[in-house]
Each structure stands twice: as structure tokens, then as C-alpha cells.
Amino acid sequence: MATHNLAVILKNPSNDAEFLLLKQTPRPKFSEDQYDSYVDSDLWDLPSTLLNLQHDHSHPGIVIQGAQSSHNIDLTKFDVQLALTGVLEKLGLKVNDVGEWSLFKYVEEAEFGPGFPVNTVFIMGKLLDGNQNCQGLWKWMSTESCLTWLLEVKPCSDRVGPLVVLALINDTLQSAAWTLPPTLRYQEYPPGVVILPMRSKTRKPFLTTNLVIFAPKQVSDTVGDCSFVAHGDALIVDPGCRHEYHEELKQIVACLPEKLIVFVTHHHLDHVEGLSIIQKCNPNATLLAHENTMRRIGRGDWSLGYTSVSGEEDILVGGHRLTVIFAPGHTDSHMALLDVSTNSLIVGDHCVGQGSAALDITSGGNMTEYFQTSYKFLELSPHTLIPMHGRVNLWPKNMLCGYLKNRRNREESILKAIENGAETLFDIVANVYSGVDCSLWTAAASNVRLHVDHLDQQKKLPKEFSVQRFHKTWVPFFLKWTCAYVSSRIQFKCPKLKISSLLITGTVIGIAGYSLGKKACFHLSETGKGA
């Protein structure tokens with residue numbers, strides 16, 4: 001299953017090398033100066049819209065040359081005319097303003113999740129009159145000018161979106177990504193940055209962890225430059241796929257140059273489970289990680305040496321410079337990576353494609369540091385955010401401000417619950433997350449504990465509220481949560497479940513909950529995701 005988009009490549013009648021790019025609509029503002037002062041630069045991309053299924057087959061629709069011979073998609077099932085009319089209206093154009101249409105490309109998206117992939121149908125046409133009034137909404141550009149914007153980034157400069165890269169630029173560059181196994185679906189955006197989602201032991205709604213690969217064709221000869229902490233011809237970030245997919249990881253590593261750098265953002269299993277395979281396939285690979293991360297990675301995952309990084313180090317990969325960013329919050333040793341030439345920021349689990357990640361209290365997760373890291377990212381003014389779960393985010397400042405606003409709103413709700421008499425972890429979680437499936441409350445509880453600590457540091461808590469007593473309610477929380485969880489499953493899913501089975505299950509879960517409380521909640525430290 002997949003949803004579909006229609007993207008339009010309109011050629012300039014006066015210059016066949018140029019095509020039309022539409023200024024993309026930015027995300028809505030927050031109506032608060034502390035967030036709205038951060039503005040993403042203009043984004044230009046091919047005009048596109050949702051492509052819906054055809055419900056009325058009575059009219060012939062628009063003729064698309066080459067569509068009949070396509071074995072990948074049957075366009076007769078879709079309402080191309082409605083979609084195309086909608087796209088042209090955005091440009092102030094009509095169908096009659098364009099000559100004949102042809103099918104240019106059909107691209108199936110990798111399964112980033114959550115939800116179905118979004119596949120894209122690219123069609124091409126030529127505008128009959130190139131002197132149309134664009135009113136600043138669109139402009140003519142060539143692949144060369146787009147590449148300049150993409151690879152010679154200036155602070156706060158205009159940006160080029162992924163559709164034009166996917167349709168026109170990657171093929172022109174003959175990217176190194178062609179060497180990957182043809183059965184694997186990936187996205188290359190910006191050019192030279194390959195993002196390949198692989199199944200991992202992560203938390204829902206995600207099923208995959210993004211394996212990020214840098215393998216530039218240009219190889220630098222500045223090996224003797226001591227200003228770089230590591231040199232290589234390729235780099236991969238967070239090999240966290242499940243063991244069932246280790247064979248695919250082997251094939252990927254075999255495609256990459258031997259002089260390989262491996263960068264790990266943090267220690268959670270869904271980011272490091274594939275390390276052992278890389279070690280076996282390429283024992284000469286260089287591993288870069290924070291020293292606290294390495295203390296938490298088992299020798300079964302990586303038993304060779306490593307290079308410790310703590311932030312501000314530079315890495316040289318095939319002539320491209322990447323800068324290590326210390327980004328605590330999710331864990332105390334969480335790291336990010338900035339691709340300097342494209343100004344793309346790999347954010348690990350600081351941000352995810354949908355929702356937000358739980359901070360791992362068992363591994364130094366800290367709400368104050370999370371806020372500080374968010375502002376650090378904002379000051380970098382990245383052109384794109386690359387999370388390890390979900391799609392690339394094209395509006396980085398908007399996303400980071402959304403996270404800050406959401407965290408602050410959640411913190412206000414927690415403070416209000418405390419001021420209204422909530423004293424225990426369970427009382428606060430049940431109040432603040434009353435509208436959330438209780439299966440997610442254990443992950444939410446980790447964030448609540450950190451929010452309370454953050455409120456305490458700001459001296460916002462009522463004088464009568466005891467933080468020390470609050471933190472001692474973790475194990476009672478887990479026992480109460482078990483009862484609430486089992487009760488909800490009886491009511492909605494298991495009405496005929498035997499009481500004896502429930503008692504046994506509840507007892508086991510309760511004992512496990514007590515053990516988890518004593519052992520610092522191992523499962524959360526393994527996955528680290530939350531609602």
C-alpha cells in the first residue's frame with residue numbers, strides 16, 4: 001500500500017535547460033515571538049499535489065504520453081486531470097498553457113513510516129509562453145543553479161527541495177549510491193547523503209532506523225591534515241538494524257570503500273545492533289562515539305578500538321567536511337553531525353519524523369540539556385534535519401520550535417497537575433496523558449520525571465511538593481500502570497480472558513516492573529522512544 005503524489009516538471013520554452021520551481025508554503029507560525037523569530041529560508045521545489053484514485057471514469061482525462069507503456073504504475077486508476085489542474089492553479093496557469101504531457105519517472109519511496117510510503121509520479125510538459133507573470137511565486141532554474149544552492153550553501157540562503165533532486169539532479173550526478181544493492185529503497189537528499197530505513201528494535205509508531213551513508217565520489221588527498229579527527233572515503237551513521245537484516249547490512253558495507261568511518265549518535269540498541277556486522281566485514285573501519293556511549297555498548301557489538309569524540313571535531317569524508325555536535329538531552333552522550341557543504345544536520349533521536357522521542361532518564365537524559373541542544377541546533381540554521389526515525393524534515397527551525405513549544409506546554413500541564421494536588425508519578429501521568437493510550441505511559445513517565453527536575457531547577461514547584469518523595473513513586477507507578485493497562489485490555493480487547501491468566505500476567509508484569517525500577521528501566525534505555 002502507498003499514497004501517491006503528482007509532481008510536475010515544466011520546461012522553459014525559451015531555454016530547454018531550465019524548469020519551473022515553485023516557492024513552497026512554509027509551516028504555520030506559532031503566534032509567539034520567542035518562536036516566530038526563527039524563520040526557515042525559502043524552499044523551492046517542483047510543484048506537486050496529492051494524486052487521488054479515479055472515481056468517475058466517464059471522461060477520458062488528460063493524455064500522458066508514455067503512460068500506457070509503463071509497467072510500474074497504471075495512471076488510468078488516478079484522477080490525473082484533477083491533480084494537474086490543482087498544480088497549475090498554484091502557478092496561476094491553466095491546462096491550455098502547456099503543450100503535451102509525458103510520463104517522466106515513477107519513484108517509490110522507502111518505508112520511513114509511520115504510515116504508508118508516498119510514491120511520486122513525475123510528468124513533464126513545456127509551457128507555451130515563457131513570459132507568464134509569476135508574481136514571485138515561481139522561477140526558472142537549471143540543474144547547475146540548483147546544485148550551486150545545494151552544495152555551496154550559504155547561511156540562510158534559499159533552498160532546493162527533494163523532488164527536483166530526486167527527479168533531475170541525482171541522475172545527472174551519477175551518484176555513488178548506485179552501487180547499493182538494487183533491492184534496497186533509499187532516499188538521496190541532499191545529493192551525496194543517502195538515507196536508508198532498515199528494520200530495527202525501535203518503538204512504535206516507527207519500525208525502522210535510518211542508516212545514513214556518505215560516500216562522495218570525490219576523494220581528498222589531505223590525509224595528513226591533523227585538524228581532522230578521522231579521514232575516510234565513506235561514512236555510515238547508526239547501523240541499528242535487527243539481526244534478521246544483517247545480511248543486507250553486509251551487502252551495503254561490501255559496496256562501500258574499505259576506508260570506512262562509523263559514527264554512532266548514542267548507544268540504544270536500535271542504533272548499534274549492526275555494529276558487530278561492520279566489525280566482521282571491515283575490521284579496519286574507524287568507530288567514532290562519545291566515551292559514555294562506548295561504556296554502554298557491549299563488547300559483542302564492538303570489541304575493536306574507537307576514537308572518542310565530544311563535540312566540535314571535524315571529520316573528512318571524501319573531501320567533504322562534517323562537524324561533530326555535542327547534543328545531550330536524549331542521553332548524556334548524545335551526538336549530532338553537521339554536513340557542512342549541504343548544511344544538513346543529522347540529529348539522532350533529538351527529533352523524530354512524527355511526534356517526539358522520550359528522554360532516557362537511565363542514561364543521563366536531561367530536560368534542561370534538551371532545551372539547550374534545541375537552541376544550539378536553531379543557531380546552526382540547518383537547511384534540513386535528518387532524524388534516525390522517519391522522513392527528512394524540510395522546515396528545521398519550525399520543527400525545533402514546535403518541539404520547544406510542545407515541551408513547555410507539557411511542562412505547564414505537569415505543573416498545573418501538581419498545583420492541583422497530584423503528588424505521585426502515576427497521578428501526574430494519568431492527569432497529563434489522560435488522552436493517550438496507557439500503553440505509552442511508561443515512556444511518558446520518563447519524560448515527566450525529567451520535567452519535574454527541570455521545574456525544580458527553575459524553582460517553579462510549590463514549596464509543599466517533595467521532589468525526593470516524588471521520585472520514590474516510580475515502582476508504585478509501574479504497579480498501578482500494570483493494573484490500568486490490563487484493565488483497558490480486558491474492557492476493549494480481551495473480554496473473555498480468564499481471570500487466572502490475568503492474575504498470573506499481572507503478577508509477572510508487576511515483578512518485572514519492580515525489577516525494572518531497581519535496574520534503572522533497562523527496556524527504556526535500550527530503545528529510548530516515547531509518545
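For the sequence shown, UniProt numbering begins at 1 and goes up steadily by one.
Quick reminder that beta carbons are idealized off the backbone N, C-alpha and C, glycines included.
Note that the structure is predicted; figures quoted are calculated from it, not measured.
Beta-carbon spacing of residue i, residue j below 8 Å
i    : j    : result
I414 : V436 : no
L207 : P239 : no
L385 : N393 : yes
I418 : L359 : no
T362 : H266 : no
N366 : L455 : no
R407 : V432 : no
E273 : S200 : yes
L22  : L91  : yes
D270 : T202 : yes
L235 : I315 : yes
L128 : D171 : no
A289 : L256 : no
CA-to-CA distance, residue j to residue i, given in whole angstroms
i           : j    : result
residue 543 : G125 : The displayed coordinates of the chain run from 1 to 531. Any statement about residue 543 would go beyond what the structure contains.
S220        : A443 : Low per-residue confidence applies at S220: pLDDT is 49, beneath 50, and the placement is therefore not dependable enough to give any value.
A7          : L46  : 6 Å
E244        : S308 : 30 Å
L338        : G99  : 43 Å
N210        : V352 : 11 Å
N282        : S227 : 25 Å
Q279        : A285 : 7 Å
C146        : S374 : 29 Å
Y38         : A327 : 20 Å
V153        : S341 : 6 Å
V452        : V87  : 48 Å
V63         : L82  : 13 Å
E464        : F470 : 12 Å
C241        : G348 : 15 Å
T457        : P182 : This sequence places Gln at residue 457; Thr is not what is there. If I take the Cα positions, the gap works out to 52 Å.
D33         : V165 : 34 Å
R296        : P117 : 34 Å
P13         : R321 : 39 Å
Q372        : H334 : 13 Å
T20         : C134 : Just to set this straight, residue 20 is Leu in the shown sequence, not Thr. Rounded to whole angstroms, L20 to C134 spans 10 Å at the Cα level.
Y30         : E412 : Here residue 30 is Phe; the residue named in the question, Tyr, does not match the sequence. If you take the alpha carbons of F30 and E412, they lie about 17 Å apart.
N72         : K105 : 10 Å
V253        : V229 : 22 Å
R299        : K472 : 33 Å
CB contact check: residue i to chain C, cutoff 8 Å
i    : result
L450 : Protein chain content of the structure displayed is limited to a single chain, and chain C is not contained in it.
When the options are compared against residue i, the one with the closest alpha-carbon
i           : options                : result
P382        : E89, P117, C156, S37   : C156
residue 617 : L10, N210, L151, P117  : The shown model of the chain, from 1 to 531, leaves out residue 617, and the question about it has no answer.
S102        : C134, Q372, S69        : S69
G136        : E111, Y370, F465, Q24  : Q24
Q65         : Q34, K94, I123, F30    : I123
P114        : G355, D301, L461, R299 : G355
V264        : M388, S446, W474       : M388
L173        : M198, T143, L184       : T143
E258        : H231, E248, P13, E247  : H231
Y306        : K416, V194, M294, T323 : M294
V486        : P28, S439, L53         : S439
I213        : L288, H71, L196, R296  : L196
T148        : C134, I169, W138, K139 : I169
T3          : S31, T49, V193         : T49
T120        : T85, L151, V80         : V80
M1          : K472, E109, F377, I428 : E109
L404        : L184, Q251, G329       : G329
Y35         : L400, S446, E412       : L400
T76         : P26, L53, K376         : L53
Continuous alpha helix (DSSP H) stretch holding residue i: start and end
i    : result
D36  : 33-36
W441 : 441-457
N292 : 291-296
R407 : 396-419
L461 : Per DSSP, L461 belongs to no alpha helix (DSSP H) and is neither H nor E.
D171 : 170-173
G86  : 80-90
Boundaries (first-last residue) of the beta strand (DSSP E) holding residue i
i    : result
E18  : 15-23
F228 : 228-232
M335 : 335-339
W149 : Counting along the chain, W149 falls outside any beta strand (DSSP E), though it belongs to the alpha helix (DSSP H) covering 143-151.
I428 : First-last for I428: 425-432, but that is the alpha helix (DSSP H), not the beta strand (DSSP E).
H348 : Reading off the sequence shown, one finds Gly at residue 348, where the question assumed His. Run containing G348: 344-348, per the beta strand (DSSP E) assignment.
H320 : 320-326
V317 : 314-317
| contact_flag[the region 181-189, the region 151-166] where n(CB pairs < 8 Å) is 3 or more | yes
| said: With three or more beta-carbon pairs closer than 8 Å as the criterion, would you say the region 476-487 touches the region 422-436? | reply: yes
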